[in-house]
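Novice: Handing you this structure, nothing more for now.
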Amino acid sequence: MLELKRLSVDDGLDIYTMLQEIPAEENGLINKANGLTFDEYKEWLIVKQRDSEQEGIVDGWKVPSTTFWLYADGIPVGFGSVRHFLTEALRKAGGNIGYGIAPAFRGKGYGKELLRLLLNEAKGMGIDKVLVTILLDNIASQAVAIANGGVVTERTDERVFIWIDTKK
Ligand SMILES: CC(C)(COP(=O)(O)OP(=O)(O)OC[C@H]1O[C@@H](n2cnc3c(N)ncnc32)[C@H](O)[C@@H]1OP(=O)(O)O)[C@@H](O)C(=O)NCCC(=O)NCCS
1 MLELKRLSVD
11 DGLDIYTMLQ
21 EIPAEENGLI
31 NKANGLTFDE
41 YKEWLIVKQR
51 DSEQEGIVDG
61 WKVPSTTFWL
71 YADGIPVGFG
81 SVRHFLTEAL
91 RKAGGNIGYG
101 IAPAFRGKGY
111 GKELLRLLLN
121 EAKGMGIDKV
131 LVTILLDNIA
141 SQAVAIANGG
151 VVTERTDERV
161 FIWIDTKK
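UniProt numbering puts the sequence shown at residues 1 to 168.
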């Protein structure tokens, strides 16, 4: 059974352990919890919770964003985050949604399901159209977005821009 849970300041060791298995940076996906001590991770959860509750833009660039964990049969296997709206900079790189599956669980269809569930959350937040920007050589992520109804609208030397209508 697959389930999406919103980040909570009460998250514990299972999430911490998963986040140590996902690289700090991979294909532009940032995991700031990688390499933290458990106590630092608990502090980081508080910051992420605040990121979700923030209203408007902070420090000139930071938009509100909500993080979710994907559980498969009770085990955390990945994470994703939804930015509540876009700035001009995020339209060029970053987009609305980022996602990652822990290496040991890749290739099992979890990436596709994770994005499907995140799109549902985005829809619930009132986001009608979601942008995902993906590096050209990240074929797996492009497949995940296309499988979720994504339409490629632009290609640069670096990235593919894919929009997904959450109402379809
Ligand atoms: C991208 C990512 C989330 C995909 O997760 P996953 O669970 O392996 O994906 P799925 O099992 O749902 O597979 C999705 C599709 O990608 C394909 N795929 C998976 N791994 C692949 C690989 N290494 N090379 C090529 N295609 C691959 C699958 O065959 C499937 O395609 P299909 O729909 O044609 O069958 C995962 O590889 C990941 O976390 N990567 C690092 C972080 C990242 O790149 N995030 C996205 C940033 S935009």
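Every residue, glycine too, gets a C-beta built ideally from N, C-alpha and C.
Ignoring anything shorter than 4 residues or poking outside the UniProt domain "N-acetyltransferase" (17-168), list the alpha helix (DSSP H) runs there in chain order.
Specialist: Correct list: 38-53, 88-92, 110-124 and 139-147.
Novice: Compute every distance between the C-beta of residue 24 and the non-hydrogen atoms of ligand 1, then say whether any falls below 7 Å.
Specialist: Taking the first residue of the sequence shown as 1, we reach residue 24 at position 24. No, since every heavy atom of ligand 1 falls outside the 7 Å radius drawn around the Cβ of residue 24.
Novice: Rank 147, 47 and 120 by C-alpha distance to the C-alpha of residue 111 and give the top, closest one.
Specialist: Against the sequence shown, residue 111 aligns to sequence position 111. Checked all of 147, 47 and 120; the closest Cα to residue 111 is 147.
Novice: Between the segment 152-166 and the segment 118-131, do three or more beta carbon pairs fall short of 8 Å?
Specialist: yes
Novice: DSSP three-state call for residue 13: helix, strand or coil?
Specialist: One-based indexing of the sequence shown puts residue 13 at position 13. DSSP, read as helix, strand or coil, puts residue 13 in helix.
Novice: Pick from 33, 38 and 113: whose alpha carbon is nearest that of residue 71?
Specialist: Position 71 of the sequence shown holds residue 71. Looking at the Cα atoms, 113 is the closest of the given residues.
Novice: Taking the Cβ atom as the reference point for each residue, do residue 56 and residue 135 lie within a distance shorter than 8 Å?
Specialist: Within the sequence shown, numbered from 1, the residue matching residue 56 stands at position 56. Within the sequence shown, numbered from 1, the residue matching residue 135 stands at position 135. Not closer than 8 Å, so no.
Novice: What are the boundary residues of the beta strand (DSSP E) that includes residue 4?
Specialist: Counting from 1 along the sequence shown, the entry for residue 4 is found at position 4. Note, residue 4: beta strand (DSSP E), 2-6.
Novice: Sorted by chain position, which residues of the same chain lie with C-beta nearer than 8 Å to residue 13's C-beta, five sequence neighbours on each side aside?
Specialist: Reading the sequence shown from its first residue, position 13 is the one you call residue 13. Here the set comprises 38.
Novice: CB-CB under 6 Å to residue 105, same chain, minus the five flanking residues each way: which ones, in chain order?
Specialist: Counted from its first residue, the sequence shown places residue 105 at position 105. Answer for residue 105: 77, listed in chain order.
Novice: Hey, would you say residue 145 sits closer than 8 Å to residue 22, going by beta carbons?
Specialist: On the sequence shown, position 145 is the one that residue 145 refers to. On the sequence shown, position 22 is the one that residue 22 refers to. Residue 22 sits away from residue 145, with the two beta carbons spaced by 8 Å or more.
Novice: Please say whether residue 45 and residue 7 have beta carbons closer to each other than 8 Å?
Specialist: As a first step, residue 7 is located in the sequence shown; it is residue number 7 there, counting from the start. As a first step, residue 45 is located in the sequence shown; it is residue number 45 there, counting from the start. In contact: residue 7 and residue 45 (Cβ atoms closer than 8 Å).
Novice: Using only CA atoms, which one of 138, 40 and 94 lies nearest to residue 65?
Specialist: Mapped onto the sequence shown, residue 65 falls at position 65. When only C-alpha atoms are compared, the closest one is 94.
Novice: Using a Cβ-Cβ cutoff of less than 7 Å, which residues in the same chain neighbour residue 33 once the five nearest sequence positions on both sides are dropped?
Specialist: One-based indexing of the sequence shown puts residue 33 at position 33. Excluding residues within five positions, the ones whose Cβ falls inside 7 Å are 19, 41 and 44.
Novice: Is residue 27 near ligand 1, judged by its Cβ being under 7 Å from some heavy atom?
Specialist: Within the sequence shown, residue 27 is the residue found at index 27, counting from 1. At least one heavy atom of ligand 1 is nearer than 7 Å to the Cβ of residue 27, so yes.
Novice: Assuming contact is defined by CB atoms lying nearer than 8 Å, are residue 161 and residue 131 in contact in what I supplied?
Specialist: Counting from 1 along the sequence shown, the entry for residue 161 is found at position 161. Counting from 1 along the sequence shown, the entry for residue 131 is found at position 131. The answer is yes: Cβ separation under 8 Å.
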